[in-house]
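Below you'll find the structure, written out as structure tokens, and then a few comments.
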Amino acid sequence: MRLSTESVTSSKDEPFRILDANGRLIEGRTGPDLSDEQLVQMYEDMTFSRHFDERTVSLQRQGRMGTYAPVAGHEGAQIGSTYALDRDDWVLPTYRESAIPLARDVEPSEVLRYWKGYEEGNASLVAENVFPINIVIGSLIPHATGMGMAFKYRDDYSRAVVCHFGDGATSEGDFHEALNFAGVFDTPNVFFCNNNQWAISVPRDRQTASDTIAQKAIAYGFDGVRVDGMDPLAVYRVTRDAIENAKRPEDDRKRPTLVESVQYRFGAHTTADDPSVYRDDDELERWQRKDPIVRFEKFLRNTGRLDDERIDAVKTRNEERMADAIEAVERLDDPDPEEMFQNVYEELPSRLEEQFERLQELRDRHGDDELLEG
Amino acid sequence: MRLSTESVTSSKDEPFRILDANGRLIEGRTGPDLSDEQLVQMYEDMTFSRHFDERTVSLQRQGRMGTYAPVAGHEGAQIGSTYALDRDDWVLPTYRESAIPLARDVEPSEVLRYWKGYEEGNASLVAENVFPINIVIGSLIPHATGMGMAFKYRDDYSRAVVCHFGDGATSEGDFHEALNFAGVFDTPNVFFCNNNQWAISVPRDRQTASDTIAQKAIAYGFDGVRVDGMDPLAVYRVTRDAIENAKRPEDDRKRPTLVESVQYRFGAHTTADDPSVYRDDDELERWQRKDPIVRFEKFLRNTGRLDDERIDAVKTRNEERMADAIEAVERLDDPDPEEMFQNVYEELPSRLEEQFERLQELRDRHGDDELLEG
Amino acid sequence: MSQNQNQHPDPTETQNLTLVQAVRDGLHAEMERDDDVVVMGEDVGANGGVFRATEGLSEEFGEERVIDTPLAESGIVGSAIGMSSVGMKPIAEIQFQGFIYTTFDQLVSHAARLRTRSRGSITCPLVVRTPYGGGIRPPEHHSESKEAFFVHEPGLKVVVPSTPYDTKGLLTSAIRDPDPVIFLEPKLIYRAFREEVPTDSYEVPLGEAAVRREGSDISVFTWGAMTRPTLEAAEDLEGEIDVEVVDLRTLSPLDTDAIVESFKKTGRGAVVHEAPLTGGLGGELTATIQEEALLYQEAPIERITGFDTPFPLYALEDYYMPEPARITDGIREAMNF
Amino acid sequence: MSQNQNQHPDPTETQNLTLVQAVRDGLHAEMERDDDVVVMGEDVGANGGVFRATEGLSEEFGEERVIDTPLAESGIVGSAIGMSSVGMKPIAEIQFQGFIYTTFDQLVSHAARLRTRSRGSITCPLVVRTPYGGGIRPPEHHSESKEAFFVHEPGLKVVVPSTPYDTKGLLTSAIRDPDPVIFLEPKLIYRAFREEVPTDSYEVPLGEAAVRREGSDISVFTWGAMTRPTLEAAEDLEGEIDVEVVDLRTLSPLDTDAIVESFKKTGRGAVVHEAPLTGGLGGELTATIQEEALLYQEAPIERITGFDTPFPLYALEDYYMPEPARITDGIREAMNF
Ligand SMILES: Cc1ncc(C[n+]2csc(CCOP(=O)(O)OP(=O)(O)O)c2C)c(N)n1
Ligand SMILES: Cc1ncc(C[n+]2csc(CCOP(=O)(O)OP(=O)(O)O)c2C)c(N)n1
Ligand SMILES: [Mg+2]
Ligand SMILES: [Mg+2]
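Protein chains in written order, with my numbering: chain E, 1 to 374; chain D, 375 to 748; chain F, 749 to 1085; chain V, 1086 to 1422.
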């Protein structure tokens, strides 16, 4: 299946989709190669992500959580693309992709822990081949290319590297350098752009004058594809195609692919943001009508895979799982400042050791309460 | 005239050209809108540049000049594009574009002065709207975009900004950020890529997997054009078109253009480089057969604009002009170290003043000879 | 050393502003005064900046002068350099200091050098504003305080205000300055307190430190957000140690005279900064003082700083930041030597 | 402080190498030893590097291990970080230190932080090699010496060799080190002299200074290309002043013990570096010394450095660089205080 050429060269065309707005298979499209169980699990992951989002935003409002970047609207893209991964593949998410570690079986309490300001939460991603999150937009893309270079160097054809970033990130120099390297070294990379139409307050057409993000792949000599990010099955298919191609490239095709997933963020940029200052309710409502969860639920109902009863069961499980996660994260010990000094280097240099000792003396002298009040 | 679309979308096509290998107008192409005088002057500038190059390389060999980046092979691109400029336009050359200030009437002795390690030589470009040279590849491109933004902001439609860079520079993040800004802000810019097939020892196809450089413009929403850089008339035409469009854009066209000028450097990367280590003589010979000076000379002879006598006169003038320039630059006073402290800021801060005083004491105590021997 | 009072314009017309409001007020005044002044950066337009430092400017001056840029910091600073090279006065915002590193090449290779490179025929009257420093419980990369990087680059000026009054006055000077200025805004105290700020324009000159508290026992040098905990520590020590607090305000060029004068008076010193100890400006200040006033020195100059670790995620940030207790202890150590 | 002799491998088999040949020899040895070691950068392949530091490696190890990259420094360091995060040991070359600034974000936001960010589950065993410093009469941007930038970033290590022997040994340690190392090569002395260098592999440990010349009157701290003119100045002063010369070799982490020990012995000090005075490491060293040994200090520590100006084009560079005359005068000043 070659989706790429069709979507990129006719850049103003609709992105690739499988489900129509009512969750029905579009004529001519085949259904997914996922089992019923997997499809229902996908639905559960999507709804859990939505629930996780709502609870985390409300925890933040209550001062029980740090700044958080909501997922809502991106569930189809994040979970569709994550289901397309093989076990050994690596994925590099950004701050807005909490659903990715969740779908890769990272404990929800660990994801929460990160947002509560503990590096340990970030560390827990690694065991599931999820790269730790950082917040410098665009700068993770060269890491993905480098990982691809390493796997290629080792003749390891079992691994692809999927890197996520936003529409805003495509303006950064690192986006360009990383994709150019990927083209030159023909690496097993999937560059997954979550084009949600906004970079905080800056709209897509202020971000770049190119008609689509996908067409930027032309500059790097590999294929770009546009996909409907509100359609998890389309995202799954396009990502799966790109991952397979990354591992076993078609003859006339380079291994990397740029995927432009066209979607929308329903909520604020982060809990520190107020989108009403810069965007219209109309636009939001138009996109809410494409809600990936609603659409996917319709599909599953239409095809007899889901009914009210099962949906209720999912809902209950989600709520319990989230309640447990919150309890776990709120039960955490106060963090130990020693953590700050560990892991700067493998071995603690003597200067740092002395600094740590001085901090311990300070704590002894004043007590943590006085120290932390500031 | 829309050159752009034809060249970009059929990316593997031959670049636009006006003269064939024997200096004859290609069928269907019209001649240049330059007077006979201008055409002969163009020839004189091209041959002077070649002579300047040879003499400067040999001065360097004799230890009378610093590291120098030869122009040879690029005369058609540099002079063709510079003739396309209007008086108020700005041009930003790189280290390899000595022919540009020369063609804009900067004194040859001033250009030499720069290569002899005096900032003053660089300063002299500014009066002719030539931006001072720097050597950080790619980093000047955002300056060009910014200048374009300034002229646009001031509603000054009389100025375009032409920025030169090599094929290697297109890999830098700044290339991407600058062209993306130009697309978004629709600025009066011409981005002129001197694709000479090599970035020191790295060949064009190792630099990027995209078939052409011109097609990279697609990522920024404006036009890209390929032109034969060994054909000064074609370069003139394409640049002129781009400059006019920058000032008075066609309805369906953005103001910026990316020009890919396909050419070759005949000499070493710089006087510090030995190209025999990394490239074939065959390749060089193939390109030497397209020498822009030879080709243009044939055209001028064919059309009766030039004959042996005039060519001799040009040669004699070139030699005299260069001899004068060398004499002038070798007559220069030793540089005054005070220059180093001036122009760090508009006003000399007291710390710097003290440092300068200490240097003067040191000079008094030891004499310049001892100080400079190291 | 300047007396703020000297620059005071009409003292009757003032507004009670926070520090971030004073930023906005300073931008507004210079934009009104000079058409060549434009503001550019991510989210500075309709959104008014993520900290509201450019709120309302887009409505008032239009999109052409309050330029929402694509998300590309090197492009922002690089194009601002190009604008300034033909006489405009761009004020570029970098959303957080932690995102300024991609602009490093543009700053050090170009903004700092164009004047020298062109022997004064091209200049860079550019301001790069960026909120810096820790303490607001944000995600990673939002807490950096790496002023030392910029101070080590000749050709750049570096300014850090600590009060609303100074903010407007220093920003005005920075915008009018013919050279590139890095303007570091202490976001921890963006809204911490208010001060009467003149409605008229005024300049607080660059390169002049301010004595925030006179004292005879020890001189403590600091700037920006650390000024407040330092003053608090000085209060706490009242009666025990008589602490002089010098707010440097401009870090490059340094006001060596003010620093040395204060130190000669007290003979003891400390430097307080958020940045890591090693390679931080504490070293520069200490070296400067002992060069100029070793014979007055009665004790080692204490460096009370952040640790030589990456700035941690927020669960640990209160341990990282110097606060009154740590400053108090450092001052006592310098006294008890 | 280490005695080089301790690490000496079979001392009978040596080659007489220049410093740049020792770089190549060190790279070669580690590439032979460990398949995960790869070299990458601009012109490192067929061309063997613009200084020939990677000469012949491509022929021997192939294009896959000696990777000619596109011209994009952030891409080079960023992809090297990615490679190292999955266990490779990339050695990235930045062609000149003046072109490293676009990699700053990758270095400080990622190389330096990945270990902390992931609590040790992802590491960056990466080396970034780059020739630094002035004196070779090159064009602009080819003479920078901004080691202080890297030293101020916790998580990075910074190494500067000054002899062929140390070059191979320190490079070997850097490649084997589990953390990111910035390896600054003094290109002024790439070919200035030769030294016997063992054919076998050996490590010169990171973090240990070396006393290059013992003396009792004053301790002069320096590194890299400045070691030679400093030793020359010490010779010139022979009979008049007995100068100890300490070559720091590793700038981060600093060998504080060695620095303080030497200073306590002499009671006077100077620091020699090419970088601008303000914000340079002279400040850090001075502050460290007075913290640890103020009571031993008999005179201000002299900072003998480059000026607070951009590095000039070459017609003026000899005025910029500290040379024996300037160093001699500086030492005398510290003695005559
Ligand atoms: C290099 C950098 N610059 C600025 C920021 C501040 N910032 C955080 S998110 C964001 C917008 C990102 O937009 P996009 O890439 O489209 O991702 P989205 O948030 O829409 O998912 C900005 C400007 C940052 N984190 N990193
Ligand atoms: C940022 C940067 N990196 C590396 C270099 C070293 N360098 C000088 S010229 C050059 C190759 C440039 O190739 P290209 O852009 O094609 O221009 P050309 O020299 O071929 O005209 C390199 C790598 C540099 N000057 N700047
Ligand atoms: Mg977005
Ligand atoms: Mg080239």
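For glycine and all other residues, C-beta sits at the position ideal for the given N, C-alpha and C.
Is residue i near ligand 3 - that is, is its Cβ less than 6 Å away from at least one heavy atom of it?
| i | result |
| --- | --- |
| G168 (chain E) | yes |
Is the distance from the Cβ of residue i to the Cβ of residue j below 7 Å?
| i | j | result |
| --- | --- | --- |
| A144 (chain E) | N196 (chain E) | no |
| V994 (chain F) | A1018 (chain F) | no |
| A896 (chain F) | G1028 (chain F) | yes |
| D1264 (chain V) | Y345 (chain E) | yes |
| L1156 (chain V) | S584 (chain D) | no |
| T1139 (chain V) | V1123 (chain V) | no |
| A888 (chain F) | I135 (chain E) | Note that residue 888 (chain F) is Glu in the sequence shown, not Ala. Contact flag set, yes. |
| E1046 (chain F) | R1016 (chain F) | yes |
| G903 (chain F) | N717 (chain D) | no |
| D356 (chain E) | G23 (chain E) | The question names Asp, but residue 356 (chain E) is Phe in the sequence shown. Taking 7 Å as the Cβ cut-off, F356 (chain E) and G23 (chain E) do not qualify as a contacting pair. |
| V500 (chain D) | S866 (chain F) | yes |
Looking at residue i and ligand 2, is the gap between the Cβ and the nearest heavy atom below 6 Å?
| i | result |
| --- | --- |
| L1156 (chain V) | yes |
| D259 (chain E) | A small fix is needed here, since residue 259 (chain E) is Val in this sequence, not Asp. Outside the cutoff, so no. |
| M38 (chain E) | Looking at the sequence shown, residue 38 (chain E) is not Met but Gln. Outside the cutoff, so no. |
| R1137 (chain V) | no |
| Q1180 (chain V) | yes |
| R470 (chain D) | yes |
Measuring only from the beta carbon, is residue i closer than 6 Å to any heavy atom that is part of ligand 5?
| i | result |
| --- | --- |
| W115 (chain E) | This structure does not include ligand 5; its bound ligands are ligand 1, ligand 2, ligand 3 and ligand 4. |
Nearer than 6 Å: is that true of the beta carbon of residue i relative to any heavy atom of ligand 4?
| i | result |
| --- | --- |
| W572 (chain D) | yes |
What do you reckon, is the C-beta of residue i under 6 Å from a heavy atom of ligand 1?
| i | result |
| --- | --- |
| V787 (chain F) | no |
| F422 (chain D) | no |
| Q763 (chain F) | no |
| E790 (chain F) | yes |
| F670 (chain D) | no |
| V136 (chain E) | yes |
| F299 (chain E) | no |
| F847 (chain F) | yes |
| R375 (chain E) | Outside the shown range of chain E, which is 1 to 374, sits residue 375 (chain E), and nothing can be said about it. |
Item to check | Length at least 4, wholly inside the stretch 690-737 of chain D: the alpha helix (DSSP H) runs in chain order | outcome: 712-715
Next on the checklist: Any contact between the stretch 241-252 of chain E and the stretch 27-36 of chain E? By contact I mean 3 or more CB pairs, one from each, below 8 Å.
Outcome noted: no
Next on the checklist: So within the stretch 898-962 of chain F, which uninterrupted beta strand (DSSP E) runs reach at least 3 residues, ignoring any that extend past its ends?
Outcome noted: 905-907, 929-934, 943-946, 958-961
Item to check | Segments of 4+ residues assigned as alpha helix (DSSP H) that fall wholly inside the stretch 972-1052 of chain F | outcome: 975-985, 1004-1014, 1029-1041
Checklist entry - Taking only runs of the alpha helix (DSSP H) that begin and end inside the stretch 766-825 of chain F, which ones reach a length of at least 4 residues, in chain order? => result 767-781, 805-809
Checklist entry - Can you give, in chain order, each stretch of the beta strand (DSSP E) that sits fully within the stretch 48-99 of chain E and has at least 3 residues? => result 90-92
Next on the checklist: Does the structure place the stretch 1176-1183 of chain V close enough to the stretch 99-106 of chain E that three or more beta carbon pairs sit under 8 Å?
Outcome noted: no
Checklist entry - Considering only residues of the stretch 591-636 of chain D, which uninterrupted alpha helix (DSSP H) runs meet the minimum length of 4 residues and lie entirely inside it, listed in chain order? => result 606-621
Item to check | the stretch 1102-1113 of chain V / the stretch 1273-1281 of chain V touching (three or more Cβ pairs under 8 Å) | outcome: yes
Next on the checklist: Can you confirm whether the stretch 688-705 of chain D touches the stretch 421-428 of chain D when touching is taken to mean that 3 or more C-beta pairs between the two stretches lie within less than 8 Å?
Outcome noted: yes
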